[in-house]
Structures are given as structure tokens and as C-alpha cells.
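Residue numbers (this note's numbering), protein chains in the order written: chain A, 7 to 312; chain B, 31 to 375.
All C-beta atoms in this analysis are idealised placements derived from N, C-alpha and C, irrespective of residue type, glycine included.
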Amino acid sequence: MTDQPISRRAWRLPSSDTVIGRAFNGLVTSPKALVAAVLCIALVLIATFGPWLAPQNPYDLAAIDFFDARLPPMSPSMTGSVYLLGTDGQGRDMLSAMIYGLRTSLVVGLLSGVVALLIGTALGLVAAYFGGRIDALIMRVVDLMLGLPAILVALMLLATLGQGMWKVVLALVLVQWAQFARAVRAAALIERGKEYIEAAVSLGLSKRRILFGHMLPNCMAPIIVVGTLQVASAISAEATLSFLGIGLPITEPSLGLLISNGYQTLLSGQYWISVYPGLLLLVLVFSINIVGDRLREVLNPRFVGR
Amino acid sequence: MTQPLIEARELSKRFTTRLDIAERVANLFGAGLEERTVHAVDGVSLAIRPGEVLGLVGESGCGKSTLGRVLAGIHPSSSGDVFWEGRNVAELSAAETRQAQLAAQMIFQDPMSSLNPRKTVAQAIGEAPLAHGMVRRGDVAAMVADLMERVGLDPSYARRYPHQFSGGQRQRIGIARALAVQPRFLICDESVSALDVSIQAQILNLFMDLRAELGLTYLFISHDLGVVKHISDRVAIMYLGRIVESADADEFFARPNHPYTQALLAEMPTVKQRRRVFQPVKGEIPSPLHPPSGCHFHPRCPYAFEHCRIERPALREIAPGHVSACHLNDAPPTARTTNALHETT
């Protein structure tokens, strides 16, 4: 026996005083959210290290063989390896194509989500804090953006601008920032009326500090929830655009483009070309949404300590 | 007479709802929408001497909280001036304005919404002095602990969040936060009305201890005459944006002059009059959107006569330090049975 008490747990949950700590604790304590979060992280890791994980570079013409086209899952290839999820019309390994497609979809979704979040949050906070004409101007533009069907706006933009990843990101930011602005303004208006904001004014704190130090942290719950929802919807919007053939060019394939490639042969028995990218898209969007819902529960201060 | 610490002269605060574009377009088609103005504070003159506790009493919606916020510098005034130690606040330099702003701090009514739920006690108390360079970063923890002890909180709770405290404790945090910028004037806006009676007494005692230790001046806003009687040196009554009577506390409770004051005092529950039937002041408080003409109180006043409907009565001194705004004071003494309402009930 030793004199020192032995800690039963080698690791500890992080302090619940910080937002990060609370988010982590919340995800760890809910099995559903934990599975979704692990899936998200796994998908992000697969996307990040895709080129080293994929059995084949599906866009290296030297690596693919046209005679391997439309092989069902688990077929052996000409070189002796196995196509786990089959091949598409050009003889590309579906698994590799999906890993590369996941990379593109995630980059487009996260990038447009984050940029829209920054723009929308800043505008929503400013509208709520200053009110009056600034508020009226920002919110009428928001109404205009929300009044138009998002996919139609993106379609028109891309029809004018042409294809390309950056143009898709730009189009998605344009149709998404208004969602953030509206959600943040609504949350910030509630906070603005609370007495702690008056106390901060009375204590002579600067506008910047009141906006970003007091109001913004109290608006985090809707920002996080809308953020995850919008990343998920950006990924599916991009898939829609690519499916329609005006999103990403064929040289930068995303999950939507892969689904589009196989849908003509879907009912003729060659389901794997469309269904597997579709399933991956479903899992990705679904797990992001579950994580977002759990974060909303735990980041709301009223739930803390229960 | 000593110079007032803070003084309001003909101070007004109006809230106007401006017509937006849609409403203006609707007006082009004859909707007839008008801008609406609420005179929350209507030409109030009030002086608070250093070290005194002024109790400001009125029904809800009479503008007493708005007056407190204008004096605290949270809202700008619409017209009229605020004088801080005899100097017009509007004419101070930027640095002096900040000093005056910090010297007047507010203690709020709702102990839940007056604290930022995302900040720990230490952050809430330490933020402002740190931001203004009143304390060095290394000394903040010691200062926070000192303030927490002063308001009766255990300094070991400094890293907790507001929701982990009870209502009374949260009110103490709010007081410590205000004290952190070394104010000289505290505006307590219904600061104890959200608390249990036993906790109310504790917080009131804390206010009085702080007054003795730090030489603070208070504007104590309340609708509770019992609390005000307990704590105040002087009392002012507000009705629909105007001060209608003000006097030293003893004089005020002994010889109320204004009919509204008399009605309020008659409704004050006391131990002596255990079985009496309460008769509330007749009628509702009128809408501040359409205040009555002349004396605002005339529709509810049992003594109102023709003149009350026409002219607004001025605040006139009726005894040393006792002012009241009532036309009955101008009439010959026989025309009025003094304190009639007070004695018959």
C-alpha cells in the first residue's frame, strides 16, 4: 500500500467554467452526440488526410483503367487490388472518389459557413445595438435576401459568374449571411434590454467591449446552432448546385457531382455510383446537426449544473 | 445650504416612436398614423445633497426609473440639465464626463438580468476598474476579494457564475460591481423589491453600512413607502413624470401636503391600524401617452376644482424644505380641510 491516495481516473473532465470546457463535457456526456461528434471528427480527418488514405488518385488519368468501369463493390481490379465500393463510369475507384469529394464538400461548406457567420454576426450585433436607421437598413437587406429562394439566387449568381470553387463559396455566403444576421439580431435585442448592458454603460465600458465582450458571448447559443445548421445546409446546397451541373467543375468533384454522375444508372442496377456518395453526404449532414443541437443544450447557461 | 452633489434642473426625458418607411407610406394613403411621444420625465428639478438618502416614490410607470437612469448617465436627457457638484455635465470635458459617469452608479431591480450570465463574479467586479486603469492586472484578484468581503460575500466564490447564487447574493454582487469604480452616488432602482422580506432587510442594512463607511449618497427609488420611511432622510413623490411633493422624511410623514401623497400614506399598512379597510386611490394611473391637462393628478383628486384642469401647479415651498405642487396651497386656508383624507380613513 502506498501513502499517496491513488486517483481513480488518470484524466479529468476540463473545467466547466469555459465555453470550450462546457461544450466538451456536453458532447462526452451524451452518447448520441458523442457518436455524431466522433463521426464528424473522423470525416474531417479522412478528408484532411484523404490523399494518403485513398487507394487510388481518382483524378490521375494514369492510375485509372477504363476497362474497370462500372464494377460492383468488392470487385478485383486489373492490378489485383479490390474496389471496395465498386467503380464509376470512368473506371475510378468509388471509395477514393468519395474521399476526394468529401474534401471538396467540407471545404466549401465550412468556408462559406464561417465567412457567412462572421459577416452575419457582425451586422446583426450592430443592427441590434445601434437600432434606428442602421438597423432598418440592414434588416431590409436581410428581408430581401431571405425573401428570395436561396438556391435560385445561387443559380443566377453562378450562371453569371461561371463555375469554380471560390464562386460557389461566394454564392453560398451571399445567400447565408442573412440567416445569421437575423438570428443574432434577435438574440442581441433581448440581451440589449437587460440591465447588465445598462450596468456596463454606467461603468463607462467602451462600445466595442459591450458589443463583443458582453453581448456577443450571450448570443453564442443561436450563433452555434445556426452555424452548424448552415454548414450542413451549405454542404447540401453545394451538392444540389453540383448535381444540377453548375456548381463545381468536373475537375474539383464534390459529393454532389458524384451523385449526379451515377443517377442515370441508379435504376439499372448500378446503384453504388450514386448511393454511396449519397449515404456519405447524409451521414455528414446528419452528424453535424446532432452535434449542433447538443451544443445548444449545453452552452445555454440555464442548463449548466443540471 | 451645502452645494448639492447632483442636481437636475427642468430635466425632461421623452421617448418618441418615429414612423418607419412603411408607416410613412401608409400615411400617404391616409392611414393617419402619428408619432407618439411619452414624457417619461417632465421638467423635474431635484437636488441631492452629499451624504443624504433621497427616497423617490411613485407608482409603476411614473418615470422614476427613467429619472434614475438619466441621472446615472445611462440615458441622455431630452432637455434640461444635470449638474454634478455644481457643474453642468453637458459642459464637462471627456475625462471629467467619464469621472462623473463613474461616480454615479446604479443598483438594479432584477438581480438575475443585472449580471452578465457569462461572466464570473471576479470578471463582473474586476472588468471596469481594469478597463479604466484604476487597478493593475496583478492587483485585481485582491481588489475583488476585498470588495466581496465588504458586501458580505465569501471571496472563495469569485470564480462562480451568477446563476450559482441566490437572489440576495446576486444583489450583493451587483453592489460590489458598482463599488469597484469607487462611486460617490448610488442610484438604487427598486433594488430590494425583488427580494424576500428578510433578505430586503439585510440588503438595506448593507446600504446603510456602506453609507457610513464610504460616505455614499443615495437616490433610493421605490414604490414601497415602508422601506423608504426606514431608509430615507428626504422623500420625493413622483406622479406621471413630475415631482409633486418633496420634504424631509419626518416632516413628510408627519404633514403630507399633496392629495396624492396623503392618499398614498393612507394606504400604508401599519401595525396600529390592523383592521382597517384599504381604499385604493380612485382610478388608474393615466396613460403617459395622453397625460391629463393642468395638474396630472386632477382626474383622481377628491379636491380638484376648475383651475386644476387648466394650469399646471408649480412646486412651491409650503414649509422650510417642504415643497408641494398643488393649487390648494394657493387657495385661502379655510377652503380646505387639511389632511381630510388622511384623518377620515
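Worksheet item: DSSP three-state call for H288 of chain B: helix, strand or coil?
Response: coil
Discussion item. Which residues does DSSP list as the beta-bridge partners of Q135 of chain B?
Written reply: B:L216
Worksheet item: DSSP beta-bridge partners for P82 of chain A?
Response: A:V88
Item to complete: Answer with yes or no whether the minimum CB distance from R148 of chain B to chain A is below 8 Å.
Response: yes
Fill in: For L112 of chain A and Q135 of chain B, the rounded distance between their alpha carbons
50 Å
Item to complete: May I have the straight-line CA-CA distance separating T364 of chain B from H260 of chain B, to the nearest angstrom?
Response: Confidence in T364 of chain B is poor, its pLDDT being 47 and thus under 50, which makes the residue's placement unreliable; the coordinate value appears in the next sentence. Taking the straight line from one Cα to the other gives about 34 Å.
Worksheet item: Which residue's Cα is closest to the Cα of V265 of chain B: B:R339, B:G197 and B:V83?
Response: B:V83
Fill in: R39 of chain B, enclosing beta strand (DSSP E) - first and last residue
I36 to T47
Worksheet item: Mind pulling the chain A residues with CB within less than 7 Å of G98 of chain B?
Response: Within 7 Å Cβ-Cβ: nothing; G98 of chain B doesn't reach chain A, min ~10 Å.
Worksheet item: Taking only beta-carbon atoms, is Q135 of chain B less than 8 Å away from chain A?
Response: yes
Practice prompt. Within its chain, find whatever has a CB closer than 6 Å to the CB of R191 of chain A; leave out the 5 residues flanking it on each side and keep chain order.
Written response: G130, A133 and A134
Discussion item. Please report the distance separating the alpha-carbon of M178 of chain B from that of G198 of chain B.
Written reply: 13 Å
Worksheet item: Who does W114 of chain B pair with in a DSSP beta bridge?
Response: B:I36 and B:R117
Worksheet item: So, G233 of chain A versus G119 of chain A, is the Cβ gap smaller than 8 Å?
Response: yes
Worksheet item: So, helix, strand or coil for G298 of chain A, using DSSP?
Response: helix
Worksheet item: Helix, strand or coil for L67 of chain A per DSSP?
Response: coil
Worksheet item: Rounded to whole angstroms, how far is the Cβ of G85 of chain B from the Cβ of V258 of chain B, which I believe are closer than 8 Å?
Response: 4 Å
Practice prompt. Note the first and the last residue of the continuous beta strand (DSSP E) segment covering M268 of chain B.
Written response: R264 to Y269
Worksheet item: Are any of the Cβ atoms in chain A nearer than 8 Å to that of I78 of chain B?
Response: no
Item to complete: Pick helix, strand or coil for A75 of chain A, following the three-state DSSP scheme.
Response: coil
Discussion item. Counting only Cβ pairs nearer than 9 Å, list the residues of chain A close to G103 of chain B.
Written reply: V207, S208 and G210
Item to complete: Closer than 8 Å by C-beta to A243 of chain A: which residues in its own chain qualify, once you throw out the five before and the five after it? Chain order, please.
Response: A156, I157, A160, L178 and V181
Worksheet entry | For D94 of chain A, the three-state DSSP class (helix, strand or coil) | coil
Worksheet item: How would you list, in chain order, the residues of chain B whose beta-carbon sits under 7 Å from the beta-carbon of K200 of chain A?
Response: S143
Worksheet item: So which residues on chain B does A142 of chain A lean against when the C-beta distance must stay under 9 Å?
Response: D50 and I51
Worksheet item: So the beta strand (DSSP E) R272 of chain B belongs to, where does it begin and stop?
Response: R272 to D278
Discussion item. Please confirm whether R128 of chain B has its beta-carbon closer than 8 Å to some beta-carbon of chain A.
Written reply: yes
Fill in: Reduced DSSP category for T127 of chain A - H, G, I as helix; E, B as strand; rest coil
helix
Item to complete: Go ahead and pull the three-state DSSP assignment for A349 of chain B.
Response: strand
Worksheet item: Nearest chain A C-beta to R207 of chain B closer than 8 Å, yes or no?
Response: yes
Discussion item. Does T150 of chain B come out as helix, strand or coil in the three-state DSSP assignment?
Written reply: coil
Worksheet entry | Residues bridged to V68 of chain B (per DSSP) | B:F45
Item to complete: Leaving aside the five residues before and after E115 of chain B along the sequence, list all residues of the same chain whose C-beta is less than 7 Å from its C-beta, in chain order.
Response: Q33 and L35
Discussion item. Does the structure place the region 267-282 of chain B close enough to the region 91-98 of chain B that three or more beta carbon pairs sit under 8 Å?
Written reply: yes
Practice prompt. Rank A:L286, A:G268 and A:Q185 by C-alpha distance to the C-alpha of V147 of chain A and give the top, closest one.
Written response: A:Q185
Fill in: DSSP state of D239 of chain B mapped onto helix, strand, coil
helix
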